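Participant: Have a look at this one.
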Amino acid sequence: MNISIRRATPVDADRIADLACRNFTETFGALYPPEDLAYFLAVSYTPETQRAALEDPRYAVWLLEDGDEAIGHILVGPCGLPHPEASEHDGEIKRLYILARAHNGGWGAKLMETAMDWLLRDGPRTLWVGVWSENLGAQRFYARYGFERAGEYLFPVGQTNDHEFIFRRAP
Ligand SMILES: CC(C)(COP(=O)(O)OP(=O)(O)OC[C@H]1O[C@@H](n2cnc3c(N)ncnc32)[C@H](O)[C@@H]1OP(=O)(O)O)[C@@H](O)C(=O)NCCC(=O)NCCS
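Below you can see the structure in the form of structure tokens.
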């Protein structure tokens, strides 16, 4: 493997849309009826939605690539989680995914540190992340960066509602 990280640009919109579908399907695809998964991917991860984030200076994406193949990514931006104390002036880790074949190699940590440095570039502020209630590995991962459980909500994937925890990192 020849793995590296780079900041994505609007030119990468198609690549990120394709990767986001592959990452989500590999990680969580088996949890949903096929029609719910197909609907979720079709509305959430279009090149247009990815390009909009890439063109918005409040958002940033880093790609993890193995040679020419995109294998992981992190998307961060203004917090949109439904928590009464969350504000759009806070930061949020919106997506963090790496294909399974590259797990446990420290690449998640590198993506996380790169994105947190960017989110905190103007000084301390509150950061948030939503994580599936049964994804204990990811919850352990976020806890290492000082995130603690602060709430919960239901995240719709088609007709299925996932029970998600909201984690917060104090400034
Ligand atoms: C979470 C994730 C990005 C971490 O990346 P990584 O490169 O494997 O992480 P690192 O090598 O830096 O750190 C290892 C830690 O990652 C977490 N982790 C490892 N495999 C995981 C998996 N399949 N699912 C969730 N978390 C995992 C664990 O906390 C692990 O530490 P542990 O030794 O206590 O088990 C990666 O495992 C992943 O993409 N998982 C699937 C997608 C996912 O769950 N994303 C989070 C959505 S909120």
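Using our numbering, the letters of the sequence shown map in sequence onto residues 796 to 966.
Every residue gets a Cβ at the ideal spot worked out from N, C-alpha and C, and that includes glycine.
These numbers come from a predicted model, not from an experiment.
1. Using a 10 Å radius around the Cβ and a threshold of 16 neighbouring Cβ atoms, would you call Ala-881 buried or exposed?
2. Phe-942 and Tyr-892: beta carbons closer than 9 Å?
3. Taking Cβ to Cβ, would you say Gly-867 is nearer than 9 Å to Leu-894?
4. Measure the alpha-carbon distance for Glu-830 versus Gly-953 and round it to whole angstroms.
5. Just to confirm, is the Cβ distance from Ala-965 to Arg-890 under 9 Å?
6. Which of helix, strand or coil does DSSP assign to Arg-853?
7. Excluding the 5 residues flanking Tyr-840 on each side, which residues of the same chain have their C-beta closer than 6 Å to its C-beta?
8. For the pair the stretch 851 to 858 and the stretch 901 to 917, tell me if three or more CB-CB distances fall below 8 Å.
9. Please go through the same chain and pick out, in chain order, the residues whose beta-carbon is closer than 6 Å to the beta-carbon of Ala-848, but skip the five residues on each side of it.
10. Give me the pocket residues for ligand 1, defined as CB within less than 6 Å of any heavy atom, sorted by chain position.
11. Quick check on DSSP: helix, strand or coil for Asp-809?
12. Using the Cα positions of Met-796 and Gly-903, report the straight-line distance between them to the nearest angstrom.
13. Measure from the alpha carbon of Pro-877 to the alpha carbon of each residue in Arg-810, Ala-938 and Val-924, then state which is nearest.
14. Between Phe-835, Gly-875, Gly-886 and Lys-905, which lies nearest to Ser-799 when the distance is taken from Cα to Cα?
15. Which residue spans inside the stretch 902 to 927 form an unbroken alpha helix (DSSP H) run of at least 4?
16. Are the CB atoms of Arg-846 and Ala-897 within a distance shorter than 9 Å?
17. Let's see if you can read the secondary structure: which residues bound the beta strand (DSSP E) around Asp-957?
18. Once the 5 residues before and after Thr-921 are set aside, which same chain residues still bring their CB inside 6 Å of it?
Facilitator: Result, derived from the coordinates:
1. buried
2. no
3. yes
4. 8 Å
5. no
6. coil
7. Ala-812, Ala-815 and Cys-816
8. yes
9. Tyr-854
10. Thr-822, Leu-891, Tyr-892, Ile-893, His-898, Asn-899, Gly-900, Gly-901, Trp-902, Gly-903, Ala-904, Val-926, Asn-930, Gly-932, Ala-933, Arg-935 and Phe-936
11. helix
12. 16 Å
13. Val-924
14. Lys-905
15. 902 to 914
16. no
17. 955 to 964
18. Asp-885 and Pro-966
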